[in-house]
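2 protein chains.
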Amino acid sequence: MVSQKKIDPWGSLDIKDYRKLFEDFGIESFDKYKNKLKDNRYVRRGIIFGHRDFGKIMNAIEGKKPYIMMTGLMPSGKFHLGHKMVADQIIYHQQMGACVYVCSADLEAYVMRGMDLPKAREIALTEYLLNYVALGLDLDNTTFWFQTDYVVPYYRFRDMLSRKVTLNELKGIYGKLSPGKILAVLAQSADILHPQLEQFNGPTPTVVPVGADQDPHIRLTRDLSGRFQLEYGLIPPASTYHKFMRGLQGGKMSSSIPKSAIALSDKPKEAIGKIMSAKTGGRPTVDEQKEKGGVPEECTVYDLFLYHLVEDDDGLELIYRQCKSGELICGECKAKCSDLMAKYLDQHHKKIGKAAKTLEKYLNK
Amino acid sequence: MVSQKKIDPWGSLDIKDYRKLFEDFGIESFDKYKNKLKDNRYVRRGIIFGHRDFGKIMNAIEGKKPYIMMTGLMPSGKFHLGHKMVADQIIYHQQMGACVYVCSADLEAYVMRGMDLPKAREIALTEYLLNYVALGLDLDNTTFWFQTDYVVPYYRFRDMLSRKVTLNELKGIYGKLSPGKILAVLAQSADILHPQLEQFNGPTPTVVPVGADQDPHIRLTRDLSGRFQLEYGLIPPASTYHKFMRGLQGGKMSSSIPKSAIALSDKPKEAIGKIMSAKTGGRPTVDEQKEKGGVPEECTVYDLFLYHLVEDDDGLELIYRQCKSGELICGECKAKCSDLMAKYLDQHHKKIGKAAKTLEKYLNK
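Those protein sequence lines, which keep their order, are chains X and S.
Everything in the first sequence is counted per my numbering, starting at 1 for the first residue and increasing by one.
Everything in the second sequence is counted per my numbering, starting at 366 for the first residue and increasing by one.
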């Protein structure tokens, strides 16, 4: 393995973009767990860069004690490589021994995004859950639920949360409110906390892997857990924070901008098309690039290697160095990326076939 | 039967107190249904004085078509004669052929009144439901539920309501809001409307008997039903409005002021004590009363006859006239009332014994 110092091409961006999260909001650097969790690509490469209270989870992992990994999915559009990053984390924790809880935020989709519920449900199953399974999620050891179709103790707890929070507090965190938004927020807290109720796992350390934009919600939920301390002894949930993959066009990666994201259902040909038109860190001319070298830190194709396509750090470092030195120019690099991506998608599509059967069995249980 | 003109001792109060409900809020007088529903004491005596949209319900009754009677109970304290008035209406509608839905507003008790849920549940069962059964409710033809313990389509619908209402709209109706209040309000609307979902009865005329103070909620719920017109074809719920019994001390009747209310679990002796110290419409001296006559309109003992103890209108009119003429003075009248009340409570307590068995069977089903 290559040292972090050498291979940490995001390091400098980290500090610029994420330092204020550490300083202003008390998110802690994930560095201290890098060595212990070095088998995780996202940890090793600083993509998971911060946490709150992760010590509890590390203790549980090391002590082989129970812990909960909770996450939600927003069923909106195709499952793409940005979502895969979260899926990989879910599966990683499952393999580390976590009880996995996965929620389809269809209430939020309905009230905040105006989606139909049947449509939200279909997307949750056919895009998200199916790909989770194909990526390695063990459904038999997963609690999966829809916010609009679950069990009474969950709804009861969600309702109970409403007594423990004021409207001003929610306004301070979420700005302009609506009845739907308030419900969605309470649902999200209940999603995270209810696995600790006695009807589920009971009080158990819980980790929620999120993007930094979700931190306000983590803070609220941690606060709310304390307000049920006497009643239920809830343990404030821990969190980890990951960076977002940028879209292939340079902006946001979103399933509503097809060229920004490679969906895991994309045919290799489609994916290659997107890679070919992706924004890179290349120079205006080949000559200039050969002279000055590329800027992988600004390259969305490099992101594909970094996040998904190259597990081996030496291999990644090689690409990084070759780019920096001007040895590897964008056309060649994109061809290399396309090749890896096509292979990856081919393999994944085979897994999807098998996953579909597993999912069907699970749903008919 | 005595004519309304003669026997309507509340008539003048009616007009003073309730006219603005007709004029300002569009509640309609119940007079047009008085003759058709003259077998109902509360209708006949103008205690049920107003309605919205009751025509639909009258049509259903006359056409022997399905309709729904929905009501909620607030599980707070002892079941008293004020609650009995509502119970009698539930049972009346059940006997007229209505599908009865009764909700225990334990979420509201929890979020708005700071009650414990187990306590709220116990009160709902041992005070309210038990007395409903003793008074004649047929549990086998009743859907009874707790807001915190029910079925998914109800929770889903409650959540869905949140998309169809704004915070400003709720503020306009309910004033200062809190997350708990918002949830309780949405729950109340879902309580009323969900029986019309396809998982329950499907679109069906629904009547909600309430006090006039509940009208803002009826209006909101009627509005909300319209916003689900396309999706679910909900019929705006009808409502009837009843007057409130005054407390025996003259103020509010409330189980939190024991002397204000005769609980149906009161021993006859306790009840008699309350009657003996009740505020009457009597004059300062017996002589003055014999000369000028009493004021039954201001008498809480007369209320007991009017609402509960005297079914026969001629009998009631006799008391009214004897009071007005000065023939019946308060001591004698209280003795008469005490006698009737003691008999009533004795009978009711016997029914309670039987009802307890019925309820136990129902709860263990």
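Idealized CB from N, CA, C, for every residue including glycine.
Query raised in the report: Considering Arg372 of chain X, what are the terminal residues of the alpha helix (DSSP H) in which it resides?
Result: Residue 372 of chain X is absent from the model: chain X starts at 1 and stops at 365.
Query raised in the report: Whose C-beta lies closer than 6 Å to the C-beta of Ala124 of chain X among residues of the same chain, with five residues either side of it excluded?
Result: In the first sequence, residue 124 of chain X corresponds to position 124, counting from 1. Closer than 6 Å at Cβ, skipping near neighbours: Pro75 and Ser104.
Query raised in the report: Cβ atoms of Ser225 of chain X and Leu548 of chain S: under 8 Å apart, would you say?
Result: As a working mapping, residue 548 of chain S is identified with position 183 in the second sequence. As a working mapping, residue 225 of chain X is identified with position 225 in the first sequence. For Leu548 of chain S and Ser225 of chain X, no; Cβs fall outside 8 Å.
Query raised in the report: With 16 as the cutoff for other CB atoms within 10 Å, does Pro431 of chain S come out buried or exposed?
Result: Counted from its first residue, the second sequence places residue 431 of chain S at position 66. That one is exposed.
Query raised in the report: What does Arg163 of chain X touch in chain S if you count any residue whose Cβ is under 7 Å from its own?
Result: Here residue 163 of chain X is taken as the residue at index 163 of the first sequence, counted from 1. Tyr475, Val476 and Gly545, listed in chain order.
**Report entry** Rounded straight-line distance, which links the Cα of Tyr515 of chain S to that of Tyr110 of chain X
**Finding:** Walking along the first sequence from the start, residue 110 of chain X turns up at place 110. Walking along the second sequence from the start, residue 515 of chain S turns up at place 150. Spanning the two alpha carbons is a distance of roughly 21 Å.
Query raised in the report: Val575 of chain S lies in the alpha helix (DSSP H); which residues open and close that run?
Result: Translated into the one-based positions of the second sequence, residue 575 of chain S becomes position 210. Careful: Val575 of chain S lies outside any alpha helix (DSSP H), inside the beta strand (DSSP E) at Thr571 to Gly576.
Query - Three-state secondary structure assigned by DSSP to Val367 of chain S - result: Locating residue 367 of chain S in the second sequence gives position 2, where the first residue counts as 1. Its pLDDT being 34, under 50, Val367 of chain S is placed unreliably in this model, and the coordinates cannot settle the point.
Requested in this report: Use the C-beta contact count for Leu595 of chain S: other C-beta atoms within 10 angstroms, 16 or more gives buried, fewer gives exposed.
Outcome: Numbered from its first residue, the second sequence carries residue 595 of chain S at position 230. Classification for Leu595 of chain S: exposed.
Query - Contact list for Thr221 of chain X against chain S, beta-carbon separation under 7 Å - result: Position 221 of the first sequence, counting from 1, holds the residue named residue 221 of chain X. Correct list: empty, because the minimum Cβ distance to chain S is about 14 Å.
Query raised in the report: So Met450 of chain S is in the alpha helix (DSSP H); what residue range does that whole segment cover?
Result: On the second sequence, residue 450 of chain S is found 85 positions in, with the first residue counted as 1. According to the DSSP assignment, Met450 of chain S belongs to the alpha helix (DSSP H) that extends over Leu446 to Gln460.
Requested in this report: Can you pull the chain S residues whose beta carbon is under 9 Å from the beta carbon of Arg121 of chain X, in chain order?
Outcome: Here residue 121 of chain X is taken as the residue at index 121 of the first sequence, counted from 1. The CB of Arg121 of chain X never comes closer than 9 Å to any CB in chain S; the least such distance is about 11 Å.
Report task. Pick out whichever of X:Thr280, X:Gln347, X:Asp223 and X:Asn35 has its Cα sitting closest to the Cα of Gln249 of chain X. Result -> Along the first sequence, one-based indexing puts residue 249 of chain X at 249. From the listed residues X:Thr280, X:Gln347, X:Asp223 and X:Asn35, the smallest Cα separation to Gln249 of chain X is found for X:Thr280.
Query raised in the report: Under a CB-based cut-off of 8 Å, is Asp149 of chain X close to chain S?
Result: Counted from its first residue, the first sequence places residue 149 of chain X at position 149. Yes, its Cβ sits closer than 8 Å to a Cβ of chain S.
Query raised in the report: Taking Cβ positions, are Ala577 of chain S and Gln512 of chain S nearer each other than 8 Å?
Result: Locating residue 577 of chain S in the second sequence gives position 212, counting from the first residue. Locating residue 512 of chain S in the second sequence gives position 147, counting from the first residue. No, the pair does not count as a contact, with Cβ atoms beyond the cut-off.
Query raised in the report: Thinking just about the alpha-carbon of each residue, which of S:Leu535, S:Met477 and S:Leu504 is nearest to the one in Asn729 of chain S?
Result: Locating residue 729 of chain S in the second sequence gives position 364, counting from the first residue. Nearest C-alpha to Asn729 of chain S: S:Leu504.
Query raised in the report: Can you name, in chain order, every residue of its own chain whose Cβ lies under 6 Å from the Cβ of Tyr302 of chain X, other than the five neighbours on each side?
Result: On the first sequence, position 302 is the one that residue 302 of chain X refers to. These residues qualify, in order along the chain: Pro296.
Query raised in the report: What are the residues of the segment 178-212 of chain X that lie near chain S, defined by any Cβ-Cβ distance shorter than 7 Å?
Result: Listed by position, the residues of the segment 178-212 of chain X near chain S (Cβ gap below 7 Å) are Ser178, Pro179, Gly180, Ile182, Leu183 and Leu186.
**Report entry** Chain-ordered chain X contacts of Leu535 of chain S [CB-CB under 7 Å]
**Finding:** Within the second sequence, the letter at position 170 stands for residue 535 of chain S. What Leu535 of chain S touches in chain X: Pro179.
Query - Cβ of Leu472 of chain S within 8 Å of any chain X Cβ - result: By 1-based counting over the second sequence, the position of residue 472 of chain S is 107. Leu472 of chain S counts as touching chain X.
Requested in this report: Could you pull out every unbroken beta strand (DSSP E) segment of at least 3 residues lying fully inside the segment 181-241 of chain X, listed in chain order?
Outcome: Segments of the beta strand (DSSP E) lying fully in the segment 181-241 of chain X: 206-211.
Query raised in the report: What are the residues of the segment 70-93 of chain X that lie near chain S, defined by any Cβ-Cβ distance shorter than 7 Å?
Result: none
Requested in this report: Note down, in chain order, all residues in the segment 693-723 of chain S with a beta-carbon under 9 Å from any beta-carbon belonging to chain X.
Outcome: Here the close residues number zero.
Query raised in the report: Along the chain, where does the alpha helix (DSSP H) that runs through Thr665 of chain S open and close?
Result: The residue you call residue 665 of chain S lines up with position 300 of the second sequence. Its alpha helix (DSSP H) spans residues Thr665 to Leu669.
Report task. Determine the DSSP secondary structure at Arg611 of chain S, reduced to helix, strand or coil. Result -> The sequence position of residue 611 of chain S within the second sequence is 246, counting from 1. If DSSP states are grouped into helix, strand and coil, Arg611 of chain S belongs with the strands.
**Report entry** Where Glu725 of chain S falls, given that 16 or more other Cβ within 10 Å makes a residue buried
**Finding:** Reading the second sequence from its first residue, position 360 is the one you call residue 725 of chain S. By the neighbour-count rule (16 or more Cβ atoms within 10 Å), Glu725 of chain S is not buried but exposed.
Query raised in the report: Tell me which same chain residues have a C-beta within less than 8 Å of the C-beta of Gln334 of chain X, skipping the five on either side of it?
Result: To locate residue 334 of chain X, count along the first sequence from 1; it is residue 334. In the sequence as displayed, the identity of residue 334 of chain X is Lys instead of Gln. Correct list, in chain order: Ile275, Met276, Ala278, Thr280 and Val301.
Report task. Could you run through the segment 302-324 of chain X and flag, in chain order, every residue whose CB is less than 7 Å away from some CB of chain S? Result -> none
Query raised in the report: Could one say the Cβ of Met525 of chain S lies closer than 8 Å to chain X's Cβ atoms, at least one of them?
Result: Against the second sequence, residue 525 of chain S aligns to sequence position 160. Yes, Met525 of chain S lies at the interface with chain X (some Cβ there is under 8 Å from its Cβ).
Report task. Between the Cα of Thr507 of chain S and those of S:Cys688, S:Pro649, S:Pro602 and S:Met435, spot the shortest distance and give me the residue it belongs to. Result -> For this step, residue 507 of chain S is matched to residue 142 along the second sequence. If we check each option's Cα against that of Thr507 of chain S, S:Met435 comes out closest.
Query - Delimiting residues of the alpha helix (DSSP H) encompassing Ile352 of chain X - result: Here residue 352 of chain X refers to the residue found at position 352 of the first sequence. Where Ile352 of chain X is concerned, the enclosing alpha helix (DSSP H) stretches over Cys330 to Asn364.
Query - Close Cβ partners of Tyr154 of chain X (< 7 Å) along its chain, the five nearest in sequence each way excluded - result: Position 154 of the first sequence, counted from the first residue, corresponds to residue 154 of chain X. Result list for Tyr154 of chain X: Ala190 and His194, in chain order.
Query raised in the report: Can a CB atom of chain A be found closer than 8 Å to the CB of Arg19 of chain X?
Result: The structure shown contains no chain A; its protein chains are X and S.
Query raised in the report: How big is the Cα-Cα spacing for Pro118 of chain X and Leu107 of chain X?
Result: In the first sequence, residue 118 of chain X corresponds to position 118, counting from 1. In the first sequence, residue 107 of chain X corresponds to position 107, counting from 1. Near 11 Å, if we compare the C-alpha coordinates of Leu107 of chain X and Pro118 of chain X.
Requested in this report: Note down the Cα distance separating Val185 of chain X from Pro216 of chain X, rounded to an integer number of angstroms.
Outcome: The residue given as residue 185 of chain X occupies position 185 in the first sequence. The residue given as residue 216 of chain X occupies position 216 in the first sequence. Approximately 11 Å between the Cα atoms of the pair.
Report task. Please classify Arg283 of chain X: does DSSP put it in a helix, a strand, or coil? Result -> Start at 1 with the first residue of the first sequence, and residue 283 of chain X comes out as number 283. Looking at Arg283 of chain X - three-state DSSP - the assignment turns out to be coil, as it is neither helix nor strand.
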